[in-house]
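Participant: Here this note's numbering is used: the sequence shown runs in plain steps of one and ends on residue 925. Here it is, the structure in full.
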Amino acid sequence: MARYLSITQKIYLLTLLLVVITLTGSVAFNVYYTWKELSQREYELTFSLSHLLDTSLPEKYFQIIEHPQLENAEKITQANQILQPLVTQLLQAFPGYGAGVYSRKLNAIVAFGPDFNPKGLIDIRPNSPARAVYSTREPLRYDSYSQTRQAQVLAIIRPVIRDQEILGHVWSNITQKSFNNLFYHKIVEQLPLFIFLCLFAVLGSRLITARFLNNLRTFRDRIQRLDLVKNDLRQFSPELLEIYEEVRTSYERLSISEARFRDVVSAFDEYVWEIDLQARYTYLSDKTRELIGQDPSLLVGQNIYERIHADDIYKVRQHIELGISSAQGFRDLEFRRIRHNGQLGWYKNSAVAILDPNTHQVIGLRGATRDVTTNKQQEAQIHYLAYHDALTGLSNRNALKQELQKLCDQQTYNEHTFSLLFIDIDRFKEINDNFGHTLGDKVLQQMAETMRRLLPVNATLARLGGDEFMALLPKTDSNIAEKHALILQKAFSRPLIIQRQRLHISACIGIALAPDDGESPDTLSQSVDTALYTAKVQGPGQIRFCTPQASQSMLEQIRLQHELFLAVKQQQFSLAYQPQLITCGAYQGQVMSMEVLLRWQHPELGFISPARFIPLAEETRLIIELGHWVLKTSCHQVRQWQLEHQLDNLRVAVNISSVQFVREDFVQQVADILEETGLPASCLELEITESVAMEQAEQVSLKLNELKRMGIWLALDDFGTGFSSLKYLKIFPFDILKIDKSFVDGIPHDQQDTRLVEAMIHLAQGQNMQVVAEGVETEEQIKHLSQGGCDLIQGYYFSRPLPPQQTLEFLLEHQLACKTPADNV
Numbered sequence: 101m102a103r104y105l106s107i108t109q110k111i112y113l114l115t116l117l118l119v120v121i122t123l124t125g126s127v128a129f130n131v132y133y134t135w136k137e138l139s140q141r142e143y144e145l146t147f148s149l150s151h152l153l154d155t156s157l158p159e160k161y162f163q164i165i166e167h168p169q170l171e172n173a174e175k176i177t178q179a180n181q182i183l184q185p186l187v188t189q190l191l192q193a194f195p196g197y198g199a200g201v202y203s204r205k206l207n208a209i210v211a212f213g214p215d216f217n218p219k220g221l222i223d224i225r226p227n228s229p230a231r232a233v234y235s236t237r238e239p240l241r242y243d244s245y246s247q248t249r250q251a252q253v254l255a256i257i258r259p260v261i262r263d264q265e266i267l268g269h270v271w272s273n274i275t276q277k278s279f280n281n282l283f284y285h286k287i288v289e290q291l292p293l294f295i296f297l298c299l300f301a302v303l304g305s306r307l308i309t310a311r312f313l314n315n316l317r318t319f320r321d322r323i324q325r326l327d328l329v330k331n332d333l334r335q336f337s338p339e340l341l342e343i344y345e346e347v348r349t350s351y352e353r354l355s356i357s358e359a360r361f362r363d364v365v366s367a368f369d370e371y372v373w374e375i376d377l378q379a380r381y382t383y384l385s386d387k388t389r390e391l392i393g394q395d396p397s398l399l400v401g402q403n404i405y406e407r408i409h410a411d412d413i414y415k416v417r418q419h420i421e422l423g424i425s426s427a428q429g430f431r432d433l434e435f436r437r438i439r440h441n442g443q444l445g446w447y448k449n450s451a452v453a454i455l456d457p458n459t460h461q462v463i464g465l466r467g468a469t470r471d472v473t474t475n476k477q478q479e480a481q482i483h484y485l486a487y488h489d490a491l492t493g494l495s496n497r498n499a500l501k502q503e504l505q506k507l508c509d510q511q512t513y514n515e516h517t518f519s520l521l522f523i524d525i526d527r528f529k530e531i532n533d534n535f536g537h538t539l540g541d542k543v544l545q546q547m548a549e550t551m552r553r554l555l556p557v558n559a560t561l562a563r564l565g566g567d568e569f570m571a572l573l574p575k576t577d578s579n580i581a582e583k584h585a586l587i588l589q590k591a592f593s594r595p596l597i598i599q600r601q602r603l604h605i606s607a608c609i610g611i612a613l614a615p616d617d618g619e620s621p622d623t624l625s626q627s628v629d630t631a632l633y634t635a636k637v638q639g640p641g642q643i644r645f646c647t648p649q650a651s652q653s654m655l656e657q658i659r660l661q662h663e664l665f666l667a668v669k670q671q672q673f674s675l676a677y678q679p680q681l682i683t684c685g686a687y688q689g690q691v692m693s694m695e696v697l698l699r700w701q702h703p704e705l706g707f708i709s710p711a712r713f714i715p716l717a718e719e720t721r722l723i724i725e726l727g728h729w730v731l732k733t734s735c736h737q738v739r740q741w742q743l744e745h746q747l748d749n750l751r752v753a754v755n756i757s758s759v760q761f762v763r764e765d766f767v768q769q770v771a772d773i774l775e776e777t778g779l780p781a782s783c784l785e786l787e788i789t790e791s792v793a794m795e796q797a798e799q800v801s802l803k804l805n806e807l808k809r810m811g812i813w814l815a816l817d818d819f820g821t822g823f824s825s826l827k828y829l830k831i832f833p834f835d836i837l838k839i840d841k842s843f844v845d846g847i848p849h850d851q852q853d854t855r856l857v858e859a860m861i862h863l864a865q866g867q868n869m870q871v872v873a874e875g876v877e878t879e880e881q882i883k884h885l886s887q888g889g890c891d892l893i894q895g896y897y898f899s900r901p902l903p904p905q906q907t908l909e910f911l912l913e914h915q916l917a918c919k920t921p922a923d924n925v
């Protein structure tokens with residue numbers, strides 16, 4: 101085909117092909133470089149985000165997933181409640197990104213975002229690339245399909261390793277769609293330049309072709325004017341044409357190279373510069389105006405060190421001088437520079453040496469500088485979130501641990517002591533339950549501000565989570581530490597007024613001293629934890645130091661807690677029954693009901709008093725499982741006696757813990773047990789303590805009325821020992837009032853106890869309630885209570901708590917008499 105084209109067409113076509121090939125190569129290179137740079141940047145950000153999420157996982161989360169008594173579903177729910185706010189907060193700092201936490205032990209995702217949905221708390225796919233980190237134990241970079249974001253993502257998977265064990269993994273990602281949008285906008289920004297170059301290439305090729313033909317005609321004319329024979333002309337002409345082509349081709353290549361250089365410089369977010377051996381600018385690209393706010397022509401001749409931050413000049417000078425002397429340049433030099441508008445910006449420099457083409461000696465440096473201020477701000481934000489509490493702005497556990505380690509290391513080289521204060525707000529859960537978490541958060545913020553204001557400037561104050569704070573006081577002895585604790589305690593005693601609510605707050609404070617109570621962060625943390633435990637045992641608003649006795653007591657408590665978990669698992673518990681007898685009337689001396697009591701006979705420790713393990717069971721929430729077992733077992737036992745021995749009127753009284761009662765499904769659980777065992781509701785009595793009535797009175801009233809409508813007896817237990825309030829007798833539908841043994845012991849010799857008991861009986865009778873006296877041990881007590889109008893008596897005088905078989909024998913020896921709750925109306 102080429103032989104049918106004219107010389108003009110051939111030259112034009114060749115020129116156009118060269119331009120198109122060059123532009124295509126330049127664009128392809130630009131696209132590839134942009135893609136690679138953007139991809140690397142996004143992976144770096146997701147890597148930082150996953151690292152932040154890993155270091156921010158609270159200790160409470162790991163306690164939950166290790167909890168042996170919780171079902172997986174409940175663990176997942178509790179873990180999500182702890183971690184979901186953390187994930188959401190992180191993603192607010194990184195819009196457009198995704199993140200989440202997976203528990204290997206629970207085989208489920210426990211928190212993720214954005215677009216969180218509880219249905220997403222499931223296991224990851226069997227073929228998920230995330231499973232590879234459990235064998236490599238290293239972070240994994242990959243692009244694949246995300247089941248939480250329902251899209252292709254670029255992601256970083258990081259294994260969560262604690263004590264050499266992989267407990268799961270965290271991830272951060274950005275969707276492929278978001279990444280493509282970023283890339284698309286980058287390319288679109290360069291589209292006008294590409295269109296301009298294409299138009300310029302077409303027009304340029306026309307002009308170059310015309311010019312070349314004109315020069316060719318001139319060359320031809322000059323040849324024609326030569327005084328040469330035809331044979332010489334034919335021989336000489338190809339050589340001239342070859343020389344001409346070489347010159348033209350070299351010129352075009354140079355022009356294209358310069359154009360490519362200008363395009364690359366304009367396309368990227370960097371300005372290009374050159375300096376001489378005296379570090380004076382000899383060239384700056386137009387991008388300089390955009391990045392530092394100055395006309396590049398005005399900077400030529402100025403020293404490169406001008407307007408660089410004073411703290412960074414020495415570092416920059418070292419890199420430039422070394423880059424020149426070694427002829428190697430330098431890479432990734434970060435420094436601060438004052439912009440033309442007075443603002444301070446962060447920049448990153450890389451440079452190569454400029455060599456003289458003849459002598460090959462270094463004559464300067466050529467480099468590129470980019471603005472990294474935004475990246476630095478994001479890094480600072482990540483660092484802040486990693487070492488500060490988001491709610492209060494205080495240091496977090498990580499920051500405190502670092503400062504504690506630093507002081508412990510310094511302890512080796514000096515004799516200065518320091519102290520650790522562990523502050524825990526008393527009954528903070530009640531504030532959250534009664535007034536909501538928003539007000540609870542404001543309480544934490546005000547408490548944090550109070551402590552920040554009162555503690556020394558050199559103290560490190562941290563929020564560990566929940567209502568727990570810890571203060572690290574350098575160069576303090578026991579007297580100074582106690583002084584600061586008393587100052588805080590006095591400040592806490594002042595009422596807080598938040599959202600028109602007047603709140604009385606107190607806090608327990610544990611104190612540990614270094615090196616007396618420990619020389620390492622772990623031992624000091626254990627000691628201050630022991631001190632706080634001792635303070636909380638003593639009651640609200642207490643201050644205690646760590647002592648060997650307290651440490652021993654806490655160790656015993658920890659062992660008891662461990663044994664309690666085993667006891668529940670191994671079913672070491674049994675039930676005993678103590679009869680309640682009628683004191684007067686036609687049914688005098690007959691059994692009305694029996695109170696069921698929980699007993700723990702440990703195979704090694706022997707009998708363990710309920711006074712020791714019941715509070716611990718409530719604290720660990722094992723009381724929920726234990727209470728359910730007691731209620732179900734006793735109902736089943738009583739129903740069996742009713743059917744086998746015609747004890748139709750037999751009633752059983754069961755103590756209900758506040759932890760058990762406040763559960764939303766408590767009433768339904770009772771109904772289910774009655775249905776399952778077949779025990780009539782009128783044969784069940786539930787004993788509720790005053791502390792239960794104190795918590796959320798409206799909800800308590802609703803539950804009690806539901807139970808009352810079912811026909812269940814309701815007893816107010818241990819009346820007078822707690823927060824006694826006559827209003828509870830009025831608003832709550834109790835059938836029975838139980839007088840505590842501490843009042844009965846004084847009858848009849850202690851006149852104050854005697855009068856109090858008489859008043860309680862009259863009060864109950866006025867509310868149409870039966871009265872049960874606990875702990876009756878003497879005939880005098882029985883006589884006095886009978887004369888005073890007490891309905892039922894329970895105590896050692898008649899019977900100790902008996903195992904089931906002996907209880908049955910006791911029942912068969914006594915007649916039964918029973919009323920239903922309706923009889924009291």
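C-beta: ideal position from N, C-alpha, C; glycine also. None of these values were measured; they are calculated from a predicted model.
Could you give the first and the last residue of the continuous alpha helix (DSSP H) run that contains F162?
Facilitator: 159–166
Participant: State buried or exposed for K803, treating a residue as buried only when at least 16 other CB atoms are found within 10 Å of its CB.
Facilitator: buried
Participant: Would you mind reading off the limits of the beta strand (DSSP E) that contains M869?
Facilitator: No beta strand (DSSP E) holds M869; DSSP gives it neither H nor E.
Participant: Excluding the 5 residues flanking L564 on each side, which residues of the same chain have their C-beta closer than 8 angstroms to its C-beta?
Facilitator: N496, R497, L500, M570
Participant: Find the nearest neighbour of P84 within the set Y197, M869, A230, judged by alpha-carbon distance.
Facilitator: Residue coverage of the chain in this structure runs from 101 to 925, which leaves residue 84 outside it and unanswerable.
Participant: Using only CA atoms, which one of T382, I438, K808, P833 lies nearest to G467?
Facilitator: T382
Participant: Checking 7 angstroms against the spacing of the C-beta atoms, do H884 and I847 come in under that value?
Facilitator: yes
Participant: If you reduce the DSSP assignment to three classes, tell me which class T576 lands in.
Facilitator: coil
Participant: Starting from P679 and walking both ways along the beta strand (DSSP E), at which residues does that stretch end?
Facilitator: 673–682
Participant: Would you check if the distance between the CB atom of L613 and the CB atom of F522 is smaller than 7 angstroms?
Facilitator: no
Participant: How would you write the range of the beta strand (DSSP E) that P780 sits in, first residue to last?
Facilitator: Here P780 belongs to no beta strand (DSSP E), and DSSP marks it neither H nor E.
Participant: Which of helix, strand or coil does DSSP assign to G467?
Facilitator: strand
Participant: In three-state DSSP terms, what is Y143?
Facilitator: Helix at Y143.
Participant: To the nearest angstrom, report how far apart V288 and S126 are at their CA atoms.
Facilitator: 16 angstroms
Participant: May I ask you to check if the CB of D835 is nearer than 6 angstroms to at least one heavy atom of the ligand GTP?
Facilitator: As presented, the structure is devoid of all ligands, the ligand GTP included, so that no description of it is given.
Participant: Could you give the DSSP three-state label for F430: helix, strand or coil?
Facilitator: Strand at F430.
Participant: Are the beta-carbon atoms belonging to I788 and L731 less than 7 angstroms from one another?
Facilitator: no
Participant: Leaving aside the five residues before and after G464 along the sequence, list all residues of the same chain whose C-beta is less than 7 angstroms from its C-beta, in chain order.
Facilitator: E374, I375, D376, L377, T382, I454
Participant: What do you get for Y484, buried or exposed, if any count of 16 or more other CB atoms within 10 angstroms of its CB means buried?
Facilitator: exposed
Participant: Quick one: what does DSSP say R659 is sitting in, helix, strand or coil?
Facilitator: helix
Participant: In whole angstroms, what is the alpha-carbon distance linking R763 and L675?
Facilitator: Straight-line Cα distance between these residues: approximately 24 angstroms.
Participant: Using only CA atoms, which one of H419, A559, I121, T683 lies nearest to T576?
Facilitator: A559
Participant: With DSSP as the reference, please indicate the residues paired to W700 in a beta bridge.
Facilitator: F673, I708
Participant: In angstroms, rounded to a whole number, what distance separates the CA positions of F819 and A607?
Facilitator: One alpha carbon belongs to F819, the other to A607, and they sit about 28 angstroms apart.
Participant: Can you tell me the Cα-Cα spacing of K450 and E434, whole angstroms?
Facilitator: One detail in the question is off: residue 450 reads as Ser in this sequence, not Lys. Cα to Cα, the separation comes out at about 9 angstroms.
Participant: Can you find the residues in the same chain that come closer than 8 angstroms, C-beta to C-beta, to Q865, ignoring five residues on each side of it along the sequence?
Facilitator: V871, G889
Participant: Could you name the residues that DSSP lists as bridge partners for E787?
Facilitator: N755, A815
Participant: Which residue from I893, D395, R437 puts its Cα closest to that of L410?
Facilitator: The question names Leu, but residue 410 is Ala in the sequence shown. That would be R437, whose Cα lies nearest to the Cα of A410.
Participant: Let's see if you can read the secondary structure: which residues bound the alpha helix (DSSP H) around E406?
Facilitator: Segment: none, E406 is in no alpha helix (DSSP H) and carries neither H nor E.
Participant: Within the same chain, show all residues whose beta-carbon is closer than 6 angstroms to that of P396, passing over the 5 residues directly before and after it, in chain order.
Facilitator: L384, T388
Participant: Quick check on the DSSP output: the beta strand (DSSP E) that includes G889 runs from which residue to which?
Facilitator: Premise fails: G889 is in no beta strand (DSSP E) and is neither H nor E.
Participant: Scan the segment 556–602 and note each continuous alpha helix (DSSP H) run of 4 residues or more that stays entirely inside, going in chain order.
Facilitator: 578–592
Participant: Is the CB-CB distance between H604 and P595 below 7 angstroms?
Facilitator: In contact: H604 and P595 (Cβ atoms closer than 7 angstroms).
Participant: Sort out for me which residues DSSP pairs N449 with in a bridge.
Facilitator: The partner list for N449 (beta bridge, DSSP) reads L433, T469.
Participant: Measure the alpha-carbon distance for E913 versus H745 and round it to whole angstroms.
Facilitator: For the pair E913 and H745, the Cα-to-Cα distance works out to about 12 angstroms.
Participant: Does the count of Cβ pairs from the segment 252–263 and the segment 148–157 closer than 8 angstroms reach three?
Facilitator: yes
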